[in-house]
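The listed protein sequences derive, respectively, from chains A and B. Numbering follows my numbering, in which position 192 of the first sequence is assigned residue number 1134; successive positions increment by one, without gaps. Numbering follows my numbering, in which position 161 of the second sequence is assigned residue number 164; successive positions increment by one, without gaps.
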Amino acid sequence: MVDPALHTAGVGALEAAINRALALDKLTAAQLGALDGKVFRLQCTQPRADFYLLPKPGRVQLKGFHDGAVTTAIRGTAADFAGLATADDPAAALINGNIELDGDSAPLMELQRILALLDLDWEAPLVSAFGDVAGHQLAQGLRGLFSWGRMAGDSVLRQLEEFIHEEARLAPPRAEVEDFYDDVDKLGQRVDRLAARIARLASKLQAN
Amino acid sequence: MVGSVRRAQMMSESDKTHFGYQQVDEQDKAGLVAGVFDSVAGRYDLMNDLMSGGIHRVWKRFTIEVSAVRAGHRVLDIAGGTGDLAMKFSDLVGEEGEVVLADINDSMLRVGRDKLLNRGYGTNIEYVQADAESLPFPDDHFDVVSIAFGLRNVTHKEAALASMLRVLKSGGRLLILEFSKPGNPLLSRAYDTYSFNVLPTLGRLVAGDSDSYRYLAESIRMHPDQDTLKGMMEDVGFQRCEYYNMTGGIVALHRGFKP
């Protein structure tokens, strides 16, 4: 079991960061008030995370421990959650996907609808809470999660791709890869030509 | 404080108890503890942050979550010191609820009250100078009783636990947040070095008082460990007692219910 102090610290930092971001789109965040009193339990099996989300007007409360009724509990891997979050039809994705759900699904759909309306830059608050690298990567994750189903999704994916290629250098940029492939092709052709010349010279030597 | 001294005087005059590592007469302990907190009250918050690296806020946040306090509840925060828990409880119980911040030490109570008033808290919080061993409240009165970093300073812990049980409603819960015994021997040694070398120096530099912080370190070592305290709670009548170790057992949160 994770030390409650560590778990509580992580949940507290995430809550502070999310609320700083929600404060940037107050009108949409205020709609969370409609779900005040609901308790969502999010159990992520891979990577492991387990916490409760309680919507309040204009903000969310995150708790590592909750002693009381839970409205909706969902359980799955981060990939399952991402799949649900990016589904065109979240209700169908919930029914057909790998996510296990206990309780009432309607409030969960409402929570998704509100979060999808948010137009937020998660970067600044997360970077101030978690530091540059982790904050940026979390922001990218949240952008992907909260922007599902929006036309802006393409732009988020493009930004993510740019980040992976240009900033984090996790993968080489497409242009570099194409140049490299060109060079390999050219080298391959030169090797072929050289092989052909050698073969021709060898046959000449044999003939002489 | 006067009440506790008087109460202590009613006990056997020859009984000894521990004050840190020293053996002192029982009737003297409350006064000595009061001296410690009179000395540190002004810079208590700052020292807590420095001593724990800010982690005491996390320990208290977890305590609030486990308390399950909700709107309309009546909550007693004993040894409430500078009001960290009372503030959160006040938000949770709302206008229809009530929070009582009790502390035996008038210096701590005054610092806590000023802090809460300055932050706009007032309508649902009451301040009471009270001895944990003989709480001045009716039977079956509170939904939740909490005591954070206070029980180790109480002379007669069983009497205090019995008093807390009495003022709780049936089904109400007691939460004890207190320094405890780290489970890992390596962590334990590092923690000892920190407590007896770093802590008093910090106390001298920041609060101008190394002796008080040496007392805090010693009193932590003399406090019953996790299982002993759980047993003490069960002995006075609490049920479904359990504890959560935090930060490797440096701190433990005990919870028990009044049947």
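Ideal placement from N, C-alpha and C gives every residue a C-beta, glycine not left out.
Under DSSP, B/Val148 forms a beta bridge with B/Leu79, B/Leu177. Under the DSSP definition of a beta bridge, A/Asp967 lacks any partner. A Cβ of chain B is located within less than 8 Å of the beta carbon of A/Lys1005.
Pairing B/Gly115 with B/Asp106 gives a Cβ-Cβ distance under 8 Å.
Looking at the backbone, the Cα of A/Leu1043 and that of B/Glu68 are separated by about 24 Å. With at least 16 other beta carbons inside 10 angstroms of its own, B/Ser166 counts as buried. Within the segment 78–117 of chain B, the runs of alpha helix (DSSP H) at least 4 residues long that lie entirely inside it are, in chain order, 87–96. Among the residues facing chain A, B/Ile58 is included, as its CB has a counterpart in that chain under 8 Å away. Sixteen is the threshold: when 16 or more other Cβ atoms of the shown chains lie within 10 Å of the Cβ of B/Ser149, as they do, the residue is buried. Apart from the 5 residues on each side of it in sequence, B/Phe145 sits with its Cβ closer than 7 Å to the Cβ of Arg77, Val78, Leu79, Val170, Leu171, Lys172, Gly175 in its chain, given in chain order. Within the segment 62–96 of chain B, those residues whose Cβ lies closer than 7 Å to any Cβ of chain A are, in chain order, Trp62, Arg64, Phe65, Glu68, Val69, Ala71. Contact annotation for B/Tyr247 against chain A: Pro946 [CB-CB distance below 7 Å, chain order]. When secondary structure is reduced to three states using DSSP, B/Gly251 falls in the helix class. Shown here is that no member of the segment 159–174 of chain B has a Cβ falling below 9 Å from a Cβ of chain A.
Residue contact with chain A for B/Gly259: absent (no Cβ-Cβ distance below 8 Å to any residue of chain A).
The C-alpha of B/Ala71 lies about 6 Å from the C-alpha of A/Asp1009. With fewer than 16 other Cβ atoms inside 10 Å of its own Cβ, A/Ser1145 counts as exposed. Ranked by Cα distance from B/Ile128, the first of B/Lys118, B/Leu178, B/Ala135, B/Ser137 is B/Lys118. Around the C-beta of A/Asp1022, 16 or more other C-beta atoms lie within 10 Å, and the residue is accordingly described as buried. For a cut-off of 8 Å, the C-beta gap from B/His257 to B/Leu232 is around 6 Å, short enough to register as a contact.
Taking C-beta atoms under 8 Å as the contact rule, A/Leu977 and A/Leu984 fail to qualify, at a distance of about 14 Å.
When Cβ-Cβ separations below 8 Å define contact, B/Gly251 makes contact with chain A. Looking only at B/Gly75, B/Glu99, B/Leu120, the smallest Cα-Cα distance to B/Met90 is reached by B/Leu120.
Judged by DSSP secondary structure, A/Phe982 falls outside any alpha helix (DSSP H) and instead within the beta strand (DSSP E) spanning 982–987. Exposure of B/Thr196 is indicated by the presence of fewer than 16 other C-beta atoms within 10 angstroms of its C-beta. Sequence-ordered contacts of the segment 976–993 of chain A with chain B are nonexistent [C-beta pairs closer than 9 Å]. Per DSSP, B/Arg122 lies in no beta strand (DSSP E) and is assigned neither H nor E.
Among the residues facing chain B, A/Asp1009 is included, as its CB has a counterpart in that chain under 8 Å away. Proximity of A/Thr950 to chain B, defined by a Cβ-Cβ separation below 8 Å, is satisfied. Put simply, the backbone Cα of B/Val36 is about 12 Å away from that of B/Asp214.
For A/Pro1032, the number of other beta carbons within 10 angstroms of its own is at least 16, and it is reported as buried. Sequence-distant Cβ neighbours of A/Arg1001 in its own chain, meaning closer than 6 Å and more than five residues away, are Asn961, Leu964. Against chain B, the CB of A/Gly954 has a partner CB under 8 Å away; the residue lies at that interface. Note on geometry: alpha-carbon atoms of B/Ile81 and A/Leu1050 lie some 39 Å from one another.
When the five nearest sequence neighbours on each side are left out, the beta carbons in the same chain lying within less than 8 Å of the beta carbon of B/Ser191 are those of Lys184, Pro185, in order along the chain.
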